[in-house]
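So the mapping is simple: the numbering used here equals the position in the sequence shown, first residue as 1, plus 1003.
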Amino acid sequence: MFTSVLMIEKPLTPEDVEFVTTLHGDEATAFVVLMQPRGDQADVLLRAIDDVAVGELREATQEGDEPEGEEARLPAEKALAHSLAALRAHGSEARGEVVAEHPLDRLKAVVDESGADEVIVMTEPHYVEEFFHRDWASRARHKVGVPVLKLFAHSE
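As structure tokens, then:
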């Protein structure tokens, strides 16, 4: 069975599920999903700059309202549960956890523990972080020892 560690920041859409579950053809796939609450990922200024870069001015003004810490945990747990159920409904094995602190350290540990074949980072564009190679995928490539695929999540 092919094992992928899937890092996400929001619930998977049906298009996301279809895409990741068919990446390896008919081969059976298991997923370990790591969900990091969006508010815990980067500072407010970087998120606002990213919003401006993609023309989402209204969202840029609301970045300070993004829940963080314990306030972000319940929505993240719901998003994780939704995503795991969607992957299972599509015929894949799936388990996961919310990662609030040190996501790259936890990613490395999960890759080692699960014997993962790859890491898939599914995220919205983060132009500032990507430009400076500070995004999850860029940093993970130097840490995990397996191929890292970066995919942009679909919007609802």
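Idealized CB from N, CA, C, for every residue including glycine.
Annotation: PRO1014 to PHE1034 spans about 14 Å, alpha carbon to alpha carbon.
8 Å or more divides the Cβ of GLY1118 from the Cβ of THR1024. Minimum Cα-Cα distance from ALA1082 among the listed residues LEU1037, LEU1026, GLY1028, ARG1144 corresponds to LEU1037.
When beta bridges are read from the DSSP output, PHE1005 appears opposite THR1032. Shortest Cα-Cα distance from HIS1145 to any of MET1010, ALA1156, LYS1111 involves LYS1111.
By the CB criterion at 8 Å, THR1126 and GLU1018 fall outside the cutoff. Where LYS1013 is concerned, there is no enclosing alpha helix (DSSP H), because DSSP gives it neither an H nor an E.
With fewer than 16 other CB atoms across the displayed protein chains lying within 10 angstroms of its CB, PRO1150 is exposed. In terms of CA proximity to ALA1079, GLU1100 leads the group GLU1100, ALA1088, ARG1091, HIS1093. Burial state of MET1010 is buried, judged by a 10 Å Cβ sphere holding 16 or more other Cβ atoms.
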